[in-house]
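In my numbering, the protein residues as written are 6 to 171. Where a beta carbon is used, it is the ideal one built from N, C-alpha and C, also for glycine. Right, one structure below, let's go through it.
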């Protein structure tokens with residue numbers, strides 16, 4: 006995990022059972038935006054496994070948070086899941102490209118790497134595009150005449166403000 010990240014996105018969730026499905030939606034959306042569709046199923050499965058372990062290890066009365074981060078670095082997708090539990094509670098991950106790191110303030114970061122599809126590098130992953138959106142607020146019509154205040158209405162306001170009901 007030493008290359009500079011070309012893309013990065015994360016989500017912080019309360020460590021409750023709903024975090025598993027929310028993190029799966031996050032993975033699908035983010036990798037879809039990055040045009041990394043071939044990695045979605047595998048990444049979603051790994052994230053679900055890691056988030057489920059965090060949720061199951063969390064105290065039910067004070068569950069804490071779980072952070073899911075996706076990064077594209079060099080020729081791989083890095084998946085990180087952070088929680089407030091000790092490193093000894095990390096689930097086992099197969100492969101050389103996975104690990105557990107203790108966090109400075111307590112808790113742990115579990116990470117794993119998935120190779121990018123052949124021919125794709127971090128620099129080739131495009132940023133998401135934003136479409137031009139029209140405002141939902143209608144624009145005022147420009148008639149050339151200045152919009153004036155209603156003198157009668159302003160007079161009633163002034164009368165109400167200066168009234169002295171005792």
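Check whether residue i and residue j have beta carbons under 7 Å apart
{"i": "residue 1", "j": "residue 60", "result": "Outside the displayed span of the chain (6 to 171) sits residue 1, for which this structure offers no information."}
{"i": "residue 11", "j": "residue 77", "result": "yes"}
{"i": "residue 98", "j": "residue 81", "result": "no"}
{"i": "residue 39", "j": "residue 105", "result": "no"}
Among the options, nearest to residue i - alpha-carbon criterion
{"i": "residue 51", "options": "40, 19, 28", "result": "28"}
{"i": "residue 19", "options": "122, 38, 108, 72", "result": "72"}
{"i": "residue 70", "options": "81, 112, 158, 123", "result": "112"}
{"i": "residue 68", "options": "88, 96, 121, 129", "result": "88"}
{"i": "residue 36", "options": "96, 119, 103, 157", "result": "119"}
C-alpha distance - residue i paired with residue j, whole-angstrom precision
{"i": "residue 56", "j": "residue 24", "result": "7 Å"}
{"i": "residue 115", "j": "residue 93", "result": "11 Å"}
{"i": "residue 49", "j": "residue 33", "result": "7 Å"}
{"i": "residue 17", "j": "residue 123", "result": "31 Å"}
{"i": "residue 62", "j": "residue 26", "result": "17 Å"}
{"i": "residue 125", "j": "residue 30", "result": "23 Å"}
{"i": "residue 46", "j": "residue 53", "result": "10 Å"}
{"i": "residue 128", "j": "residue 79", "result": "8 Å"}
7 Å Cβ cutoff, residue i in contact with chain C
{"i": "residue 111", "result": "Judged by its chain identifiers, the structure shown contains no chain C, having just a single protein chain."}
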